[in-house]
Amino acid sequence: MPFIQDSHLPLSSFVKTHIDIPDYLDPSLSPYTIMDGGSPTHGDVYRQASVGTFSTSEALELARESEEAAEDPIIVGILEVAINNIWIKIQQQPTSYVMTTGTDDLFDSRDVHVDADFRLLGTNYEPDRNIRTTTKNFKIYLLVFLTCGLSLIWLLPSCLSNEKVDTLPKPHLVKYSSTPAPSATPSSAVLEVFQVYQPVLIPPGVTDETASYNGVEDTAIIASTNDATSCKVVLMEHTFGYSYGIPFVGNYTPPGCKFNRVVMNFTVTSSGRQFDRLAIMYFGDSEVWRTSTAEPTTAGIRWEYLKDMTEYLYFWNSPQTLIFDLGNLIDSTYTGYYYTTLTATFFTSQETVEPADLILPISARHGADDSVSVFTLPGDNATNTIAFPRNANRAVFSISACGQSTEEFWWGNVLQSDIEAFEDYDGTLYGYSPFREVQVLIDGQLAGVQWPFPVVFTGGIVPGLWRPIVGLDAFDLREHEIDITPWLPILCDGSEHTFEIRVAGVIDDEEGSGTLIDTVGSYWLVTGKIFIWLDSNDSVTTGTAPKIFLPAPIITTSHVLTQNASGANETLTYITNVQRSLSISSTIITENGTTTSTWTQELSALNYGQYTAFGAIQINNATTYGIDTSKLGSSTKYKSEYTYPVWVNTTYLVLSSTNYTLEATITRGLDLVISGDSVFPSGLQPFTYLPSSAPLIAGFSGTHLSTTQDGSATYLGTSAGSSGFGSTNQIFQFSGLDINNDASDTELYYRNVQAVNSTIVYDEERLVGTEIGKYSNPRPGGAYLSQSVMSPKEAIGRGKGNPKQLLVGGGA
1 MPFIQDSHLP LSSFVKTHID IPDYLDPSLS PYTIMDGGSP THGDVYRQAS
51 VGTFSTSEAL ELARESEEAA EDPIIVGILE VAINNIWIKI QQQPTSYVMT
101 TGTDDLFDSR DVHVDADFRL LGTNYEPDRN IRTTTKNFKI YLLVFLTCGL
151 SLIWLLPSCL SNEKVDTLPK PHLVKYSSTP APSATPSSAV LEVFQVYQPV
201 LIPPGVTDET ASYNGVEDTA IIASTNDATS CKVVLMEHTF GYSYGIPFVG
251 NYTPPGCKFN RVVMNFTVTS SGRQFDRLAI MYFGDSEVWR TSTAEPTTAG
301 IRWEYLKDMT EYLYFWNSPQ TLIFDLGNLI DSTYTGYYYT TLTATFFTSQ
351 ETVEPADLIL PISARHGADD SVSVFTLPGD NATNTIAFPR NANRAVFSIS
401 ACGQSTEEFW WGNVLQSDIE AFEDYDGTLY GYSPFREVQV LIDGQLAGVQ
451 WPFPVVFTGG IVPGLWRPIV GLDAFDLREH EIDITPWLPI LCDGSEHTFE
501 IRVAGVIDDE EGSGTLIDTV GSYWLVTGKI FIWLDSNDSV TTGTAPKIFL
551 PAPIITTSHV LTQNASGANE TLTYITNVQR SLSISSTIIT ENGTTTSTWT
601 QELSALNYGQ YTAFGAIQIN NATTYGIDTS KLGSSTKYKS EYTYPVWVNT
651 TYLVLSSTNY TLEATITRGL DLVISGDSVF PSGLQPFTYL PSSAPLIAGF
701 SGTHLSTTQD GSATYLGTSA GSSGFGSTNQ IFQFSGLDIN NDASDTELYY
751 RNVQAVNSTI VYDEERLVGT EIGKYSNPRP GGAYLSQSVM SPKEAIGRGK
801 GNPKQLLVGG GA
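All residue numbers for the sequence shown refer to UniProt numbering, where the first residue is 1 and numbers rise by one.
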């Protein structure tokens with residue numbers, strides 16, 4: 001997934017060494033700069049992205065994706081300066097200088113258009129020449145782009161409305177009609193893309209993504225509820241074209257109706273050719289939702305996602321600056337705009353969960369500048385220093401984190417000692433092991449960890465796997481909770497304290513063990529939030545300092561390389577096994593008395609990886625398991641037990657200089673059992689309104705979500721075009737947990753859906769054990785047209801460009 005970052009952040013936020021931009025690179029002349037200007041009487045709103053804020057990695061990402069960007073003088077200048085600095089270091093240290101992954105990328109001729117003589121982008125520049133020698137060439141470029149640049153006007157719509165909805169009569173089973181984006185209307189020609197998830201409560205009833213009688217996916221009311229009054233606010237109607245560093249910014253004002261629940265509807269359409277894109281929504285400095293886009297088709301795609309946002313009542317109850325960042329790229333090749341509509345529906349329902357009184361962001365904090373606040377790791381120092389309220393009685397830290405670029409398929413990486421195993425054929429592999437740990441530190445001490453879920457975005461592995469059923473959590477990246485209540489006696493002392501987020505990988509010693517290291521590939525996007533519940537204003541929380549039991553994680557590794565008769569590496573087998581436990585407890589004194597607060601985590605991860613056929617075939621079989629528990633005294637207040645297995649087999653064969661095939665098979669799952677007081681909605685709320693399940697809700701202590709996806713896809717790329725075949729089946733079950741653990745889980749929602757070549761061929765749904773819909777259709781034949789995969793290496797996350805040597809029939 002391409003780089004998404006804020007153009008208003010200082011360059012030092014992105015890279016360790018600041019690169020000064022030469023004076024002759026005038027940012028006003030770049031076609032990728034939005035100019036401040038225009039007549040003030042026209043009321044136009046302009047956004048400026050200063051060239052001085054582009055990082056080397058961001059410029060490199062843009063140059064990789066677009067020929068127009070690769071020829072832009074601003075991008076050229078940034079890369080030239082970076083290459084020149086590296087070249088100076090090489091000349092100064094000809095025998096000792098070691099290129100990092102980032103510097104090696106700069107010299108990759110396929111990625112940056114640098115030929116064997118290091119001539120950049122068709123100019124006469126060479127690294128051993130003075131940077132000023134290219135001024136004449138750039139003046140020509142700049143004069144050309146000046147004319148184009150002055151003609152660009154970007155309008156930022158202030159599209160915020162507040163619409164009161166009259167009392168709704170009790171409806172029957174009807175289709176739910178949302179307010180679509182300008183061209184976001186369902187049609188048989190447009191592919192309806194969807195993520196499978198449990199029903200969501202929204203007036204006028206329990207709403208679900210479901211297939212209609214003809215197999216077309218749509219959002220429908222599957223069960224009506226009692227009469228309700230609601231308000232709906234349009235938060236955003238916006239088209240994301242060339243939007244790197246140019247998020248949508250709007251002002252939210254609370255509606256006039258009473259409410260204790262909020263549900264968002266995000267509707268998107270796109271057509272043409274485009275990568276999948278990550279999107280992050282903020283209220284000011286706080287990230288509140290992370291999603292991603294589907295890859296469009298020529299005829300067009302559409303999706304609609306409902307998201308319960310009730311946990312953020314602290315924000316919804318007061319005016320906010322809404323920032324929505326969806327970094328997209330438009331040029332002659334990538335033509336897909338994303339037309340988006342985001343609405344929020346406010347209403348009152350039966351509610352027993354007490355929302356947080358205060359939410360504090362742990363982020364880059366650039367909301368005041370109408371900019372995004374995500375940290376990029378490694379590179380940024382993801383630390384905030386804050387003063388805690390002294391009357392807190394509960395605090396939970398939530399983590400939002402996902403890998404991008406070389407870290408998107410981190411779970412398929414190899415041990416660091418093996419990254420050059422197939423260098424002659426496959427180039428350098430991505431390393432730091434197939435294990436990642438996201439860490440939260442308070443005042444420099446580890447407070448908890450997240451072992452991330454392996455999200456696969458809609459362009460991942462082989463795109464045909466994800467049409468129209470997207471990967472698990474692709475439209476709604478799940479956050480992880482860490483209870484930091486045991487730290488309150490320290491945090492409530494009136495002083496400032498530091499909160500830091502890190503991402504760690506593993507360095508192996510080639511002798512069977514490994515060590516955690518907080519350096520990984522490029523890059524991870526991370527933010528955090530602290531949900532805080534308060535006592536009365538005159539109360540002060542005290543107690544004892546936390547007792548921390550934190551043994552070193554147990555890390556074992558192994559790897560075996562085999563060679564062919566000529567001595568070339570032919571196969572690689574490697575295993576990574578990590579186990580960790582931690583416990584943090586303290587005595588807490590609040591206005592409600594004295595108690596003991598304890599946070600524990602028990603985790604294990606096993607990843608078996610194998611490369612064969614000189615790196616042409618890769619298999620990964622990984623399972624992560626964890627139990628997180630929060631206790632007050634002897635009572636369990638929150639418990640999360642999770643398992644996520646993933647098995648992937650990918651093969652890429654280059655048949656000639658222009659023809660290649662990709663084959664992939666994937667089996668993955670998510671098993672998540674949550675009981676107690678979670679920060680986020682439990683998912684039980686819709687079932688309190690159904691006659692068949694309402695009497696059962698009081699007997700549930702939590703929920704059990706269990707889902708699996710199985711798919712296979714092939715892709716053929718030729719100079720004349722590309723085509724492929726894809727099939728995916730997903731089974732999803734959402735159940736209630738018996739409060740006394742005396743009975744088995746009670747199934748509340750079930751769906752079994754299968755798609756072949758972008759067509760739903762089977763769909764079965766049950767609600768509280770009763771079938772509510774079933775659809776089947778003979779499997780269609782033929783192949784779909786795929787557009788976005790540019791090379792076999794890029795398609796399966798091993799880097800851009802073709803292999804260094806052709807792999808025919810799996811051999812060398």
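Where is the CB? At the ideal position from N, CA and C, for every residue including glycine.
Asked: Runs of beta strand (DSSP E) lying entirely within the stretch 518-554, each at least 3 residues, in chain order; Found: 524-534 and 547-549
Asked: Cβ-based neighbour list, residue 595, same chain, cut-off 8 Å, excluding 5 preceding and 5 following; Found: 587, 588, 632 and 633
Asked: Whether residue 630 touches residue 638 by CB criterion (8 Å); Found: yes
Asked: 6 Å Cβ shell around residue 677 - same chain, five flanking residues per side excluded; Found: 637 and 638
Asked: Terminal residues of the beta strand (DSSP E) in which residue 725 lies; Found: 721-738
Asked: Backbone CA spacing between residue 646 and residue 708 [nearest angstrom]; Found: 10 Å
Asked: Residue 663 versus residue 314: straight-line alpha-carbon distance, rounded; Found: 48 Å
Asked: Sequence-distant residues of the same chain with beta carbon closer than 7 Å to residue 308, five excluded per side; Found: 200, 263 and 681
Asked: Residue span of the beta strand (DSSP E) that contains residue 504, given as start and end; Found: 496-508
Asked: Secondary structure of residue 404, DSSP reduced to three states; Found: coil
Asked: Sub-8 Å separation of residue 483 and residue 353 beta-carbons; Found: no
Asked: Rounded C-alpha distance that separates residue 697 from residue 350; Found: 12 Å
Asked: Touching by the beta-carbon criterion (3+ pairs, under 8 Å), the stretch 457-476 and the stretch 271-280; Found: yes
Asked: 8 Å Cβ cutoff met for residue 269 and residue 300; Found: yes
Asked: Cα-Cα separation between residue 295 and residue 491, rounded to whole angstroms; Found: 45 Å
Asked: Pair within 8 Å by beta-carbon distance, residue 407 and residue 524; Found: yes
Asked: Nearest neighbour of residue 721, chosen from 667, 658 and 494 [CA to CA]; Found: 658
Asked: DSSP state of residue 605 mapped onto helix, strand, coil; Found: strand
Asked: Cβ-based burial, residue 774 [other Cβ within 10 Å; buried from 16]; Found: exposed
Asked: Through-space distance from residue 306 to residue 413, alpha-carbon basis; Found: 34 Å
Asked: Cβ pair residue 456, residue 193 closer than 8 Å; Found: no
Asked: Assigned exposure category for residue 549 - 16 Cβ within 10 Å defines buried; Found: exposed
Asked: Reduced DSSP secondary structure (H/G/I, E/B, other) of residue 700; Found: strand
Asked: Residue closest to residue 510, alpha-carbon to alpha-carbon, out of 600, 377, 433 and 239; Found: 433
Asked: 3 or more residues per run - each beta strand (DSSP E) lying fully within the stretch 458-498; Found: 480-483
Asked: Candidates 672, 304, 327 and 585: closest to residue 599 by CA position; Found: 585
Asked: First and last residue of the uninterrupted alpha helix (DSSP H) at residue 316; Found: 313-316
Asked: Nearest to residue 260 (by Cα), restricted to the options 381, 450, 710 and 356; Found: 356
Asked: Start and end residues, beta strand (DSSP E) containing residue 689; Found: Careful: residue 689 lies outside any beta strand (DSSP E) and carries neither H nor E.
Asked: Those residues which DSSP pairs with residue 652 across a bridge; Found: 662
Asked: Start-end ranges of the beta strand (DSSP E) lying completely within the stretch 252-278, minimum 3 residues; Found: 261-270
Asked: Whether residue 765 touches residue 751 by CB criterion (8 Å); Found: yes
Asked: Element boundaries [alpha helix (DSSP H), containing residue 425]; Found: 423-426
Asked: Counted within 10 angstroms of its Cβ, other Cβ atoms place residue 569 as buried (16 or more) or exposed; Found: buried
Asked: Proximal residues to residue 487 (C-beta, below 6 Å), its chain only, five neighbours per side dropped; Found: 442 and 546
Asked: Whole-number beta carbon distance between residue 196 and residue 730, since they are thought to touch under 8 Å; Found: 5 Å
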